[in-house]
Amino acid sequence: MTTKKSRAKPAIRPPDIGIPNIATGVPGLDAVLGGGVPEFSMNLIAGNPGAGKTTLAQQIMFANATEERPALYFTVLGEPTLKMLRYQKEFGFFDPALVGSAVQYVNLSDEAVDYDLSVVLARMIEEVERARPRVVVVDSFRIAMGQGGAPSAPGKMSLDAFIQRLAVEMTSWEVTSFIIGDSNGRGYRSPMFTVADAVFFLTQVADRNSVVRKLQVLKVRGRASMPGLHTFRITKQGLQVFPRIPEQQFERRPMPTLRLTTGIPGLDEAMGGGIPAGDALMLGGPAGSGKTTFATQFAAEGLRRGESVVIVVFEEYPEEYLSRAKARNQDIAAMIEAGNFRLIYLRPLDLSVDETLAEILEAVAEIGASRVVIDSLSGFQIALAPAFREDFRESLYRLVGALTATGVTIFMTTEIAGGYPEAAFTTERVSFITDDIIVQRFIEIDGVLRTVLAIHKMRGSAHSHDFLTYEVSAQGAVVGGPLRNYRGILTGVPEQQRQLVREGHEGLTERESMVLDTLVRLGGASRIILAEHVGVAMEELADTITRLELLGYTRTTRTNGKEIFHAIAQSST
Amino acid sequence: MVNVPGATHIIPAKAPSSTELARQLVARAARNGKSPESAAHSAFSACKITYRALARSIGVEGANALLARAQSQTVKTHPLLREIGIGHRDDDDTAKIDAVVEKHGIAASAAGLEALLEVLLTLLGRFVGTDLVVRLVAQGATIGTHEHEDTP
Numbered sequence: 012m013t014t015k016k017s018r019a020k021p022a023i024r025p026p027d028i029g030i031p032n033i034a035t036g037v038p039g040l041d042a043v044l045g046g047g048v049p050e051f052s053m054n055l056i057a058g059n060p061g062a063g064k065t066t067l068a069q070q071i072m073f074a075n076a077t078e079e080r081p082a083l084y085f086t087v088l089g090e091p092t093l094k095m096l097r098y099q100k101e102f103g104f105f106d107p108a109l110v111g112s113a114v115q116y117v118n119l120s121d122e123a124v125d126y127d128l129s130v131v132l133a134r135m136i137e138e139v140e141r142a143r144p145r146v147v148v149v150d151s152f153r154i155a156m157g158q159g160g161a162p163s164a165p166g167k168m169s170l171d172a173f174i175q176r177l178a179v180e181m182t183s184w185e186v187t188s189f190i191i192g193d194s195n196g197r198g199y200r201s202p203m204f205t206v207a208d209a210v211f212f213l214t215q216v217a218d219r220n221s222v223v224r225k226l227q228v229l230k231v232r233g234r235a236s237m238p239g240l241h242t243f244r245i246t247k248q249g250l251q252v253f254p255r256i257p258e259q260q261f262e263r264r265p266m267p268t269l270r271l272t273t274g275i276p277g278l279d280e281a282m283g284g285g286i287p288a289g290d291a292l293m294l295g296g297p298a299g300s301g302k303t304t305f306a307t308q309f310a311a312e313g314l315r316r317g318e319s320v321v322i323v324v325f326e327e328y329p330e331e332y333l334s335r336a337k338a339r340n341q342d343i344a345a346m347i348e349a350g351n352f353r354l355i356y357l358r359p360l361d362l363s364v365d366e367t368l369a370e371i372l373e374a375v376a377e378i379g380a381s382r383v384v385i386d387s388l389s390g391f392q393i394a395l396a397p398a399f400r401e402d403f404r405e406s407l408y409r410l411v412g413a414l415t416a417t418g419v420t421i422f423m424t425t426e427i428a429g430g431y432p433e434a435a436f437t438t439e440r441v442s443f444i445t446d447d448i449i450v451q452r453f454i455e456i457d458g459v460l461r462t463v464l465a466i467h468k469m470r471g472s473a474h475s476h477d478f479l480t481y482e483v484s485a486q487g488a489v490v491g492g493p494l495r496n497y498r499g500i501l502t503g504v505p506e507q508q509r510q511l512v513r514e515g516h517e518g519l520t521e522r523e524s525m526v527l528d529t530l531v532r533l534g535g536a537s538r539i540i541l542a543e544h545v546g547v548a549m550e551e552l553a554d555t556i557t558r559l560e561l562l563g564y565t566r567t568t569r570t571n572g573k574e575i576f577h578a579i580a581q582s583s584t
Numbered sequence: 094m095v096n097v098p099g100a101t102h103i104i105p106a107k108a109p110s111s112t113e114l115a116r117q118l119v120a121r122a123a124r125n126g127k128s129p130e131s132a133a134h135s136a137f138s139a140c141k142i143t144y145r146a147l148a149r150s151i152g153v154e155g156a157n158a159l160l161a162r163a164q165s166q167t168v169k170t171h172p173l174l175r176e177i178g179i180g181h182r183d184d185d186d187t188a189k190i191d192a193v194v195e196k197h198g199i200a201a202s203a204a205g206l207e208a209l210l211e212v213l214l215t216l217l218g219r220f221v222g223t224d225l226v227v228r229l230v231a232q233g234a235t236i237g238t239h240e241h242e243d244t245p
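In order, the protein sequence lines correspond to chains A and B. Count along the first sequence from 1, add 11, and you get the number used in this note's numbering. Count along the second sequence from 1, add 93, and you get the number used in this note's numbering.
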């Protein structure tokens with residue numbers, strides 16, 4: 012995601028509870044702060060060296076500085092200004108055209124080193140009175156975090172007194188100020204923490220090979236800030252915060268009582284009419300069982316119906332994923348061109364859940380998606396930074412909760428390892444998070460590998476309790492009828508219950524069996540003849556014939572331009 | 094209201110080269126001089142104003158470091174610069190430039206100081222880019238310098 016460099020300044024938002032907010036210009040941060048930074052507040056940005064404090068302050072400063080109400084950036088003791096400018100200039104928010112007029116840098120390190128804090132304060136007052144700034148940044152107060160209140164030398168201003176005076180002066184100047192302070196986390200007793208109206212604490216944690224940055228708003232006076240640790244990332248555009256609880260979750264959309272067609276022949280019927288809109292469905296299965304085929308068919312069906320679709324992939328490169336999807340659904344290419352489709356590819360190994368969620372939510376909002384495919388949860392788990400993998404259940408809970416709150420229907424795939432009865436969806440048990448669960452598996456019948464699926468769970472909906480056969484071919488997936496004449500399916504090697512074998516064909520519906528029997532009897536028939544013999548209207552035969560052909564029971568030939576259907580000889584069991 | 098009076102008139106739309114900027118600063122110093130000065134005195138004023146502008150925005154230490162490096166690079170071709178000091182708290186340096194001009198002549202002194210200024214701006218530009226050099230120099234130059242010497 013990019014934040015465009017813009018001269019337009021964020022306006023002061025209308026007051027929520029009296030005091031106006033100043034927008035920070037940092038994506039996601041205003042939501043965490045409960046609307047923004049209170050105007051004329053004194054804010055402390057604390058954290059470890061390298062956590063991103065200076066970048067955060069600069070980003071806020073550039074977002075709010077104008078020539079009429081400029082921003083003053085005081086360097087007291089910290090990174091040399093020359094170096095700071097050299098690196099900050101690389102960020103998208105840094106606008107060199109504003110430097111010198113709307114953004115003014117004042118270095119007071121000489122005064123801080125050679126004199127005492129009263130001289131530093133006097134210089135600040137002088138500069139502020141001259142410039143009448145809207146925003147003031149003081150960088151940095153490493154000293155403030157570690158020292159006590161004793162004056163540095165007899166007769167000189169103590170740090171406590173300096174901080175107290177600074178707070179009073181800043182309030183009376185009607186400026187919104189940001190004090191940057193290095194802290195190792197032991198500085199909570201510093202008077203700065205008490206005096207500040209808001210405290211931002213930034214951390215950077217290295218875990219195995221990944222680094223995760225987190226922001227915590229310890230306090231904001233007069234605002235209900237979002238609690239907890241929020242991950243953030245520093246990109247070329249500056250900071251982007253990913254709130255733990257996305258805003259959408261506060262505005263849960265009412266769910267329509269609709270069912271979404273899956274686009275997989277035979278599956279909707281088994282699910283009682285399709286997937287209830289707004290549900291989170293999890294499709295689990297072993298490697299090669301056709302999970303991705305099912306998922307892309309669900310997506311393609313949405314596109315075919317004019318809906319917008321987001322697919323999130325973690326394992327395959329987007330080009331490969333799309334070319335495979337196009338091969339199965341020839342129409343999908345044209346529909347992708349139509350613009351109501353987004354493919355999000357997330358592969359880094361240091362992702363945070365919030366970051367992933369923000370990316371998906373943004374895509375959903377951008378195209379107004381009603382279907383989201385996450386393929387797969389196993390890949391998602393690996394793509395996360397180790398710190399988040401440990402809390403995968405909680406992470407997934409938040410992801411699914413936030414997404415379903417927007418009203419989208421989620422289709423997730425996950426790899427199942429192990430035998431059927433004990434099969435776990437992932438290394439964490441996450442099934443409670445989903446509304447609907449479908450499990451695929453391989454079974455062996457007479458030495459042939461077959462595939463079956465079962466609908467394990469559908470919240471508040473009747474559904475098939477059978478083991479249903481399904482086939483995945485180059486044309487896609489087709490779900491067949493129930494595998495009723497077998498026992499021991501869960502073992503993976505079922506046995507046929509011969510005494511229960513009835514007339515008909517395994518895995519076919521009654522009508523499909525009738526059509527097949529008719530074709531066997533007639534040795535081949537046109538559509539009109541077949542309709543006559545079966546006793547149904549010609550148009551009602553279309554789906555049946557398509558499925559029989561996909562399942563390999565029939566084939567079509569053309570004689571003088573007329574379609575003739577034939578049964579393909581099946582080996583008897 | 095433009096907060097920094099006069100800031101815009103020396104900030105061109107396109108960033109000038111260090112040579113151009115140095116010449117502009119010297120010309121500006123000549124225009125703003127209290128009484129008609131020699132080219133060497135104008136160049137010296139331009140160096141001082143630039144140095145102070147930098148000291149204000151990037152700090153005295155930063156400005157000193159850049160100036161020292163610029164001086165060491167320029168002194169090879171302009172040895173007279175060894176006799177000139179541009180210090181943050183050294184206000185009584187007019188006597189020094191007078192002595193240098195008397196000893197080496199106006200043209201040589203002016204050329205040395207302008208070369209020093211050019212190298213100083215080039216070094217700064219390598220760190221922060223030429224566009225920002227103009228902004229930083231303009232900021233301090235037009236706001237006016239702060240007489241740190243008066244502070245205890």
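Heads up, the beta-carbon is just placed ideally off N, CA and C, and yes, glycines get one too.
- When C-beta atoms of the stretch 405-422 of chain A are compared with those of the stretch 464-474 of chain A, fewer than three pairs fall below 8 Å, so the two segments do not count as touching.
- Here the alpha carbon of G233(A) sits roughly 17 Å from the alpha carbon of T35(A).
- One alpha carbon belongs to G178(B), the other to E370(A), and they sit about 57 Å apart.
- Taken through DSSP and simplified to helix, strand or coil, H544(A) comes out as helix.
- For V227(B), the secondary structure class from DSSP, reduced to helix, strand or coil, is helix.
- G39(A) is classed as buried because its beta carbon has at least 16 other beta carbons within 10 Å across all chains shown.
- Counting C-beta pairs with one atom in each stretch, the stretch 215-223 of chain A and the stretch 73-91 of chain A have fewer than three that are closer than 8 Å, which means they do not touch.
- Under the 9 Å criterion on CB atoms, Q115(A) is classed as interfacial with respect to chain B.
- No Cβ-Cβ contact shorter than 9 Å links A158(B) with V230(B).
- At a cut-off of 9 Å between beta-carbon atoms, N75(A) makes no contact with chain B.
- Taking 9 Å as the threshold, the shortest C-beta distance from L114(B) to chain A does not fall below it.
- A straight line joining the alpha-carbon of R149(B) with that of N118(A) spans about 5 Å.
- The way I'd put it, the stretch 241-255 of chain A doesn't touch the stretch 273-285 of chain A; fewer than three beta-carbon pairs between them come closer than 8 Å.
- Comparing alpha carbon positions, the residue from H134(B), E211(B), V221(B) closest to A200(B) is H134(B).
- Contact between G58(A) and L229(A) does not hold, since the beta-carbon distance rounds to 11 Å and is not under 8 Å.
- Contact between the stretch 372-383 of chain A and the stretch 391-403 of chain A is absent: fewer than three C-beta pairs spanning the two stretches fall below 8 Å.
- By the C-beta density criterion, F443(A) is exposed, having fewer than 16 other C-beta atoms within 10 angstroms.
- Of the other Cβ atoms in all chains shown, fewer than 16 fall within 10 Å of the Cβ of G61(A); this residue is therefore exposed.
- Contact between E348(A) and S387(A) does not hold, since their C-beta atoms are separated by about 26 Å, which reaches or exceeds 8 Å.
- Closer than 9 Å to the CB of S111(B) there is not a single CB belonging to chain A.
- Neighbours of A231(B) in chain A, taken as residues at a C-beta separation under 7 Å, are given in chain order as G111.
- At least one CB atom of chain B sits nearer than 9 Å to the CB of D121(A).
- Looking at the DSSP output, N157(B) sits in no beta bridge, so it has no partner there.
- Membership of N125(B) in the alpha helix (DSSP H) is indicated by the continuous run 111-125.
- In the three-state reduction of the DSSP assignment, T170(B) falls in the coil class, being assigned neither a helical nor a strand state.
- Burial is judged here by how many other beta carbons sit within 10 angstroms of a residue's own beta carbon; E506(A) has fewer than 16 and is exposed.
- Secondary structure remark: continuous beta strand (DSSP E) runs of at least 3 residues inside the stretch 438-521 of chain A, in chain order: 447-456, 459-469, 479-484, 487-493.
- Contact of R97(A) with chain B by beta-carbon distance below 7 Å involves F220, V221.
- Per the coordinates, the alpha-carbon of D121(A) lies some 54 Å from the alpha-carbon of R353(A).
- Two segments are said to touch when three or more pairs of C-beta atoms, one from each, lie closer than 8 Å; by this definition the stretch 234-253 of chain A does not touch the stretch 448-463 of chain A.
- Annotated three-state conformation of I33(A) is strand, per DSSP.
- Under DSSP, F576(A) shares a beta bridge with A536(A), T567(A).
- The three-state secondary structure of F51(A), taken from DSSP, is coil.
- Under the 8 Å Cβ criterion, the stretch 191-211 of chain B counts as touching the stretch 167-177 of chain B, having at least three qualifying pairs.
- Counting only runs of at least 4 residues, the stretch 209-267 of chain A fully encloses no alpha helix (DSSP H) element at all.
- Around the CB of K302(A), 16 or more other CB atoms lie within 10 Å, so the residue is classed as buried.
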